[in-house]
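Inspection log for the structure reproduced underneath, given as structure tokens.
In our numbering, the protein residues as written are 8 to 329.
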């Protein structure tokens, strides 16, 4: 029988109360140390908007710095438990199928999480680390999955049109894997972890890697949920797109390589939860691309932020000629 614990080298548990006596909501994230701060902000946004709920966060990572570990420990409270699962070198993903520049092997860790957690909870909510929780998630978590393996949120029409030419699945039911409500019992019955790991490593290239594999293997085994539980947003430097999100949005998902935690994106929403997190005194990463520095300098100049504009244009020139 397949056992995902072979991928786990150790587990650390930080808690105040004994969660076995509580009606807990289980939430899982997977990230490397570079994404520790965004993951921490995601967690902080969930805690902020669900203050009366007992939460257990299951964090899967290959490594984490002592500084980030201490900040995660600061999140524990009478209603919040943190469990950190460390992956070992046994967890390997065919790099050829990770064709998109922003994908990494960590995106495929969601394949093993249900198997690891099957003896702890009948279901859990998986969320990506580029998501902000804006409202309560109790209704989402309490969704009755019945015999479905997962509750999922359909992707947008652009993705559906892309997928229909790639795979022989119903593109109208293609879902974004950033938010998954997993039925661990049905996942285990259908031996999904082994199927997923075999498929992702079968030598074929899947355009959207883990997301495609999940859509192929879970076809007709999912419950479609409202878009408010995984509202996709693609931001520009100004982040003006945040002003247009629907008021009913519960989970806001920053898709594409443009992420609000970089200093070159003027995200008001991210700043709110960043300031509420244990990372509030840390320095946000500057930029992933040099051109972002120039664009942000231009944006700041138009906003009358002259000092900021000069700072980022200097940084742009410095990085250009170094």
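Idealized CB from N, CA, C, for every residue including glycine.
- Taking 8 Å as the upper bound for CB-CB distance, residue 144 and residue 257 are in contact here, some 6 Å apart.
- Excluding five sequence positions before and after residue 245, the CB atoms of its chain that fall closer than 7 Å to its own CB belong to 273, 306, given in chain order.
- Minimum Cα-Cα distance from residue 59 among the listed residues 118, 301, 72, 142 corresponds to 142.
- Boundaries of the beta strand (DSSP E) harbouring residue 133: 130-134, taken from the DSSP string.
- 77 is the residue among 194, 77, 206, 277 whose C-alpha sits nearest the C-alpha of residue 90.
- Three or more Cβ pairs closer than 8 Å define a contact, and the stretch 166-180 falls short of that threshold against the stretch 291-302.
- Residue environment for residue 52: buried (at least 16 other C-beta atoms within 10 angstroms of its C-beta).
- Relative to the Cα of residue 54, the nearest Cα in the group 155, 140, 255, 113 belongs to 140.
- Taking 8 Å as the cut-off, the beta carbon of residue 40 is found closer than this to the beta carbon of residue 72.
- Secondary structure note for residue 92: its beta strand (DSSP E) is the uninterrupted segment 87-94.
- Look at the stretch 237-318 and you find these whole runs of beta strand (DSSP E), each 3 residues long or longer: 238-240, 258-261.
- Our two residues, residue 21 and residue 290, have alpha carbons roughly 25 Å apart in a direct line.
- Take the alpha-carbon of residue 94 and the one of residue 35: they are about 14 Å apart.
- It is roughly 18 Å from the alpha-carbon of residue 310 to the alpha-carbon of residue 269.
- Here DSSP, grouped into helix, strand and coil, assigns residue 202 to helix.
- Shown here, residue 325 sits in a helix according to DSSP, grouped into three states.
- As DSSP reads the structure, residue 189 sits in a beta bridge with 131, 157.
- Residue 293 places its beta carbon 8 Å or farther from that of residue 138.
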